[in-house]
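Asker: The listed protein sequences derive, respectively, from chains A and B.
Here the working numbering is used: position 123 in the first sequence is 175, and no number is missing along the way.
Here the working numbering is used: position 306 in the second sequence is 429, and no number is missing along the way.
Ideal placement from N, C-alpha and C gives every residue a C-beta, glycine not left out.
Here you go, one structure.
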Amino acid sequence: MLEIRNLHATVEGREILNGIDLTVRAGEVHAIMGPNGSGKSTLANVIAGREGYVVTEGEVLFDGKNLLEMEPEIRACEGLFLAFQYPVEIPGVANLYFLKAAVNAVRKYRGESPVDAMDFWDLVHERMELVKMDESMLKRSVNEGFSGGEKKRNEIFQMAVLQPRFAVLDETDSGLDIDALRVVADGVNALRGPERGFLVITHYQRLLDYIVPDHVHVLVNGRIARSGGKELALELEEQGYALYNEEPGRARRAAA
Amino acid sequence: MTAAAPVLSDRHRPAFDAFMANRREPDKLSRLRREAFERFEALGWPTRQQEAWRFTDLSALQSLALQRAADAPVEAAALPTLDTAIHRLVFINGRFAPGLSKLTELPERTVIASLGQVLAADPQAVQNQLDQLPGLAQHPFAALNGAFWEDGAFIYLLPGAVLDHPIHIIFHATGGDTAVYPRLLVMLDDGARANIVVEYRGQGRYLQAPVVELSVDDGAVLEYHQLQEEAPQAFHLGGIKLQQGRDSQTQLHLMSFGGQLARTDLEVLLDGEHASCMLNGLTVGRDNQASNFYVRVDHAHPHGSSQQLFKSVLDDKARSVFDGIIHVRPHAQKTDARQNSRNLLLSKQALAQSNPRLEILADDVKCGHGSSTGFLDPNAEFYLRARGIPAAQARAMLVYAFANDSLNAIQLNPLRERLARLLAGRLALDSTEEDLTS
Numbered sequence: 053m054l055e056i057r058n059l060h061a062t063v064e065g066r067e068i069l070n071g072i073d074l075t076v077r078a079g080e081v082h083a084i085m086g087p088n089g090s091g092k093s094t095l096a097n098v099i100a101g102r103e104g105y106v107v108t109e110g111e112v113l114f115d116g117k118n119l120l121e122m123e124p125e126i127r128a129c130e131g132l133f134l135a136f137q138y139p140v141e142i143p144g145v146a147n148l149y150f151l152k153a154a155v156n157a158v159r160k161y162r163g164e165s166p167v168d169a170m171d172f173w174d175l176v177h178e179r180m181e182l183v184k185m186d187e188s189m190l191k192r193s194v195n196e197g198f199s200g201g202e203k204k205r206n207e208i209f210q211m212a213v214l215q216p217r218f219a220v221l222d223e224t225d226s227g228l229d230i231d232a233l234r235v236v237a238d239g240v241n242a243l244r245g246p247e248r249g250f251l252v253i254t255h256y257q258r259l260l261d262y263i264v265p266d267h268v269h270v271l272v273n274g275r276i277a278r279s280g281g282k283e284l285a286l287e288l289e290e291q292g293y294a295l296y297n298e299e300p301g302r303a304r305r306a307a308a
Numbered sequence: 124m125t126a127a128a129p130v131l132s133d134r135h136r137p138a139f140d141a142f143m144a145n146r147r148e149p150d151k152l153s154r155l156r157r158e159a160f161e162r163f164e165a166l167g168w169p170t171r172q173q174e175a176w177r178f179t180d181l182s183a184l185q186s187l188a189l190q191r192a193a194d195a196p197v198e199a200a201a202l203p204t205l206d207t208a209i210h211r212l213v214f215i216n217g218r219f220a221p222g223l224s225k226l227t228e229l230p231e232r233t234v235i236a237s238l239g240q241v242l243a244a245d246p247q248a249v250q251n252q253l254d255q256l257p258g259l260a261q262h263p264f265a266a267l268n269g270a271f272w273e274d275g276a277f278i279y280l281l282p283g284a285v286l287d288h289p290i291h292i293i294f295h296a297t298g299g300d301t302a303v304y305p306r307l308l309v310m311l312d313d314g315a316r317a318n319i320v321v322e323y324r325g326q327g328r329y330l331q332a333p334v335v336e337l338s339v340d341d342g343a344v345l346e347y348h349q350l351q352e353e354a355p356q357a358f359h360l361g362g363i364k365l366q367q368g369r370d371s372q373t374q375l376h377l378m379s380f381g382g383q384l385a386r387t388d389l390e391v392l393l394d395g396e397h398a399s400c401m402l403n404g405l406t407v408g409r410d411n412q413a414s415n416f417y418v419r420v421d422h423a424h425p426h427g428s429s430q431q432l433f434k435s436v437l438d439d440k441a442r443s444v445f446d447g448i449i450h451v452r453p454h455a456q457k458t459d460a461r462q463n464s465r466n467l468l469l470s471k472q473a474l475a476q477s478n479p480r481l482e483i484l485a486d487d488v489k490c491g492h493g494s495s496t497g498f499l500d501p502n503a504e505f506y507l508r509a510r511g512i513p514a515a516q517a518r519a520m521l522v523y524a525f526a527n528d529s530l531n532a533i534q535l536n537p538l539r540e541r542l543a544r545l546l547a548g549r550l551a552l553d554s555t556e557e558d559l560t561s
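See the structure below:
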C-alpha cells in the first residue's frame with residue numbers, strides 16, 4: 053500500500069532523512085519510534101506533502117502511484133490522511149463546514165456528487181460518538197480555543213469521517229492524559245481493517261498499549277535502525293534510545 | 124506642489140454661479156451654500172502635502188472635468204432590494220426618484236421623505252436642521268457637497284418613535300463624468316429607534332461625494348449600515364457626522380467594496396454621558412482599488428464607550444488606509460475606547476496602512492488600540508489542503524473567514540446574507556454564509 057524506498061529529505065538545506073525503506077501493506081499498523089529529532093515528524097510531513105520538505109533522493113509509492121508528485125490535496129483525495137502533531141486553529145471556519153468541504157472535495161475528485169445533507173449529518177453523529185466529542189464542537193471554529201486533548205480528538209474525528217485508506221498519526225499521543233489517549237486509540241482501532249493501513253509515529257511506548265502495532269521501527273538519525281514486532285516497543289521502553297548511541301536532536305536542531 | 128489653487132477658481136466658481144442662478148429656495152439655504160462654497164475655496168483642492176490627504180491620491184479625479192449629472196432613467200430591476208425594508212428612498216444622480224421609492228405605511232411620529240419634499244411642505248424644518256452638526260469643517264468635499272447638494276433623504280423620528288423595519292436608501296449614479304452630491308439627514312429624538320441601510324452604487328465614471336448627518340439624541344438607538352458598492356471606475360468621497368446624546372447607542376457598519384478610489388471621513392462626537400458607539404468597517408479591494416477610512420471619535424463626556432474594528436482584505440495592487448483618532452477630553456472620565464485595525468494581504472503588491480492614534484486628556488480611562496497586517500497563514504492553508512480541499516478553495520475559505528467576522532456583527536439578516544454572497548462572489552467561493560456557520 054505504502055512503499056518508501058531509499059527516502060532522503062532535507063529541511064532548509066540540512067539532510068534529515070537519510071535513506072528510509074519501509075513498506076506498509078493494507079491491514080497493517082506500523083509504529084515508528086525514535087528519539088527527539090530523529091526525523092519522525094519530517095517523515096510524516098514528507099508523506100503529506102508539506103512545503104519546505106525537500107526530497108533529494110528515493111521515492112514514495114501509494115498503491116503504486118508516485119505520491120511525491122501529487123499536491124497535498126490530491127494525496128488526501130487519493131485516501132491519505134495526516135493527523136497533525138500541532139493541529140492548526142482556523143478562526144471563522146466552522147468545524148462542520150470544514151469537514152463537509154473536505155468530504156465533498158474528496159467526492160468530487162472521485163467523480164461523485166456532493167454528499168447528501170442528511171447522510172452527512174448521520175455520519176458525523178455516529179463518528180462523534182466514537183471519539184466522544186460534544187456536538188457543540190461542530191459549530192465552533194476549527195480547533196480555535198480547543199484544549200490540547202480536544203485538538204487531537206478532533207484529528208481522529210476528522211479521520212473517522214473522511215475514512216482514509218492510509219493514515220499517518222504524527223505524535224497524536226503527545227500531551228494527552230490517559231482518558232484522551234484511550235479515546236484516540238479507540239478511534240483508530242475502530243477504523244482498523246483489512247483495507248486500511250496506519251503509520252503511528254510516537255515517542256513513547258504508552259500509545260502502543262492501546263493501538264497494538266504489527267511492526268515497530270526505530271528511527272534514528274533519519275534512518276531505520278531496527279525493525280521488529282510489538283515487543284520491540286516494550287524493549288525500547290525499558291532501555292531507552294541510548295543503545296542506539298546517537299547524538300540526539302539532530303533534526304530538531306536543524307529545524308530550529 | 125501641484126498648482127491646484129488656480130484650477131479651482133477657474134473651474135468651480137463659474138459652475139457654482141451657474142448652479143445658483145437656477146435655484147429657487149429660501150435665502151437661508153442659499154446663504155449656507157455660499158458659505159460652504161467659500162469654505163471650499165479657502166480650503167482648496169487637497170494636496171498630498173496636507174497631512175489629512177497624504178495617503179489619498181486624487182490625481183485621477185483631479186484630471187477630470189466633472190459635470191452636473193442630468194436626469195437619467197433607471198430600471199427598478201437594476202436596483203437592489205432588501206426584503207424587510209418597507210420604506211425605500213431612491214436617488215438617481217443625487218435627485219429623488221419617487222417612482223422607484225416606496226413611502227407608504229409611514230409610522231406615526233416619523234418623517235421619512237426627500238429633502239425636496241420637506242422643503243416644499245415645511246421649509247423651516249430643513250433650514251433648522253441642515254448643517255447643524257459640528258465636524259468635517261476641514262473637508263473640501265463636504266464643503267462642495269454643502270454648496271452643490273440637490274436632494275437627499277430626510278429622516279426624523281419624534282421622541283420615543285420606534286421603527287420596526289429598516290429604511291433602505293439608495294444613491295445611484297449613472298456616470299458620464301459627473302459629480303453627485305447626495306445628502307442624508309437623520310434625526311432621532313430622545314428614545315427613538317431606527318435602522319438604516321444606505322447603498323452607494325452606479326455605472327461608469329462619476330464622483331459621489333455624500334454628506335451624512337446623524338443626530339442621535341438622549342437614549343436613542345441607531346443601527347446604520349453603509350454599503351459602498353460604486354462602479355469600478357467611480358470615485359466616492361464621503362463624510363459622516365455623528366452626534367450622540369446621553370445613553371444613546373449606535374452601530375455603524377461601513378462596508379467598502381467598490382470604486383477606484385473610495386474614502387469616508389467619519390467624525391463622532393459622544394456628547395452625553397454613557398453614550399456608546401460601535402464602528403464596524405470592512406474593505407474588500409482588488410485591482411488598483413484604493414479605500415480609506417478616516418475616523419475621529421471625540422469622547423466629550425464621562426462613561427462613554429466606543430469600539431472600532433476596521434478590517435481590510437486586499438488583493439492585486441489594492442490599497443487601504445485606516446486613520447483613526449480617539450480623543451478623550453479632560454473630564455471624560457471612565458471612557459472605554461478601543462480601536463483595532465486588521466488587514467489581510469492576498470498579494471505582495473497590496474498595501475494596507477494603519478495610523479491609529481490616541482489623544483487622551485483624562486486620567487481614569489480604558490483606551491487601547493491595535494493593528495495587524497499579514498498574509499494568509501500557510502499552516503492553515505496546508506491544513507485545509509491536507510484534508511483534500513484544493514488550494515484556491517482553501518485560500519478563499521480563509522479569506523472568507525477573516526472577513527465574515529465583520530459581517531457577523533450585522534444583525535440585519537437580509538443585508539448580512541447579501542453581503543455574504545457579495546463576498547463569496549468576490550472570492551469565487553462556491554458557498555454561502557449558511558454553509559459556513561451552520
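Just checking: is the beta-carbon of Tyr105(A) within a distance shorter than 8 Å of some beta-carbon in chain D?
Answerer: The chain inventory of the structure shown lacks chain D, comprising the protein chains A and B.
Asker: In the structure shown, what three-state DSSP assignment does Val183(A) receive?
Answerer: Note: Val183(A) maps to coil in three-state DSSP.
Asker: Do you know whose CA, among Leu360(B), Ile292(B), Arg452(B), lies nearest Ala236(B)'s CA?
Answerer: The candidate whose alpha carbon is nearest that of Ala236(B) is Ile292(B).
Asker: Going by C-alpha distance, which of Phe214(B), Leu238(B), Glu161(B) is nearest Ala260(B)?
Answerer: The shortest C-alpha separation from Ala260(B) is found at Glu161(B).
Asker: Which whole-angstrom value describes the C-beta separation of Pro87(A) and Val272(A), a residue pair presumed to lie in contact below a C-beta threshold of 8 Å?
Answerer: Yes, Pro87(A) and Val272(A) are in contact; Cβ-Cβ is about 7 Å, under 8 Å.
Asker: Under a CB-based cut-off of 8 Å, is Val50(A) close to chain B?
Answerer: Chain A is shown only over 53 to 308; residue 50(A) falls outside these bounds and no answer can be derived.
Asker: Could you name the residues of chain A that Ile512(B) contacts, counting a contact when the two beta carbons are closer than 7 Å?
Answerer: In chain order: Glu125, Ala153, Ala154, Ala157.
Asker: Can you give the Cα-Cα distance for Ile142(A) and Glu202(A), rounded to whole angstroms?
Answerer: If I take the Cα positions, the gap works out to 14 Å.
Asker: Going by DSSP in three states, Phe358(B) sits in which element: helix, strand or coil?
Answerer: Residue state, collapsed to three classes: strand.
Asker: When DSSP labels each residue in this structure, what does Ser435(B) get in the three-state scheme?
Answerer: The answer is strand: DSSP assigns Ser435(B) an E or B state.
Asker: Would you call the stretch 497 to 515 of chain B in contact with the stretch 175 to 186 of chain B, where contact means no fewer than 3 C-beta pairs closer than 8 Å?
Answerer: No, because fewer than three Cβ pairs between the stretch 497 to 515 of chain B and the stretch 175 to 186 of chain B fall closer than 8 Å, the two stretches do not touch.
Asker: At a CB-CB cut-off below 8 Å, which residues of chain B make contact with Leu221(A)?
Answerer: Here the premise fails: no neighbours, minimum Cβ distance about 13 Å.
Asker: Can you list, in chain order, the residues of its chain with a C-beta nearer than 8 Å to that of Leu312(A)? Leave out the 5 residues immediately preceding and following it.
Answerer: Residue 312(A) falls outside the range modelled here, since chain A spans only 53 to 308, and no answer is possible.
Asker: I'd like to know whether the C-beta of Ala29(A) is nearer than 8 Å to at least one C-beta of chain B.
Answerer: Residue 29(A) lies beyond the stretch modelled for chain A, which goes from 53 to 308, so this question has no answer here.
Asker: The ligand ADP and Asn206(A): does any heavy atom of the ligand fall closer than 7 Å to the residue's C-beta?
Answerer: Here there are no bound small molecules, and the ligand ADP is not part of this structure.
Asker: Leaving out five residues before and five after Lys184(A) in sequence, what residues of the same chain have Cβ atoms less than 7 Å from its Cβ?
Answerer: Excluding residues within five positions, the ones whose Cβ falls inside 7 Å are Val235.
Asker: Considering only the beta carbon of each residue, do Leu469(B) and Thr496(B) sit closer than 8 Å?
Answerer: Contact flag unset, no.
Asker: Residues of the stretch 244 to 277 of chain B with a CB closer than 9 Å to any CB of chain A: list them in chain order, please.
Answerer: Within the stretch 244 to 277 of chain B, no residue qualifies.
Asker: If you run the structure through DSSP and keep just helix, strand and coil, what is Lys457(B)?
Answerer: Correct three-state label for Lys457(B): coil.
Asker: With a cut-off of 8 Å on the beta carbons, I'd call Gly427(B) and Ser399(B) a contact; round off their distance for me.
Answerer: Between Ser399(B) and Gly427(B) the Cβ distance is about 7 Å, and since that is below 8 Å, they are a contact.
Asker: With a threshold of 8 Å between beta carbons, is Ala515(B) in contact with chain A?
Answerer: Not closer than 8 Å to any Cβ of chain A, the Cβ of Ala515(B) fails to qualify, so no.
Asker: Just mark Gln349(B) as buried or exposed, buried being the case when its beta carbon has 16 or more other beta carbons within 10 Å.
Answerer: Gln349(B) comes out buried.
Asker: Closest Cβ-Cβ distance between Glu202(A) and chain B: below 8 Å?
Answerer: Not one chain B Cβ lies under 8 Å of Glu202(A).
Asker: DSSP three-state label for Ser282(A), please.
Answerer: Before going further, note that residue 282(A) is Lys rather than Ser in the sequence given. Looking at Lys282(A) - three-state DSSP - the assignment turns out to be coil, as it is neither helix nor strand.
Asker: Within the same chain, show all residues whose beta-carbon is closer than 8 Å to that of Ser165(A), passing over the 5 residues directly before and after it, in chain order.
Answerer: So the qualifying residues of the chain are Arg159.
Asker: Excluding the 5 residues flanking Gln430(B) on each side, which residues of the same chain have their C-beta closer than 6 Å to its C-beta?
Answerer: Taken in chain order, the residues that qualify are Met401, Arg461.
Asker: For Leu384(B) versus Asp254(B), is the C-beta distance shorter than 8 Å?
Answerer: Their beta carbons are not under 8 Å apart, which means Leu384(B) does not touch Asp254(B) by this criterion.
Asker: Here's a check: name, in chain order, each residue in its chain whose Cβ is nearer than 7 Å to the Cβ of Ala127(B), leaving out the five neighbours to either side.
Answerer: Caution applies to Ala127(B), whose pLDDT of 35 falls short of 50 and renders its modelled position unreliable; the value that the coordinates give is listed next. These residues qualify, in order along the chain: Gly167, Trp168, Thr170.
Asker: Rounded to whole angstroms, what's the CA-CA distance from Ala294(A) to Asn58(A)? Just pull it up for me.
Answerer: Distance between the alpha carbons of Ala294(A) and Asn58(A): 25 Å.
Asker: With DSSP collapsed to three states, give me the class of Glu158(B).
Answerer: Of the three classes helix, strand and coil, the one that applies to Glu158(B) here is helix, per DSSP.
Asker: Would you check if the distance between the CB atom of Leu311(B) and the CB atom of Tyr347(B) is smaller than 8 Å?
Answerer: Result no, Cβ atoms of Leu311(B) and Tyr347(B) do not sit closer than 8 Å.
Asker: Going along chain B in order, which residues have a C-beta closer than 8 Å to the C-beta of Phe136(A)?
Answerer: In chain order: Tyr506, Ala509.
Asker: Does the Cβ-Cβ distance between Ala135(A) and Glu207(A) come in under 8 Å?
Answerer: For Ala135(A) and Glu207(A), yes; Cβs fall inside 8 Å.
Asker: Residues of chain A with a CB under 7 Å from the CB of Phe525(B): which are they?
Answerer: Those are Gly144, listed as they occur along chain A.
Asker: What does the alpha-carbon distance come out to for the pair Asn318(B) and Pro230(B)?
Answerer: Between Asn318(B) and Pro230(B), the C-alpha separation is close to 14 Å.
Asker: Name the DSSP bridge partner or partners of Ile72(A)?
Answerer: Note: Ile72(A) sits in a beta bridge opposite Leu59(A).
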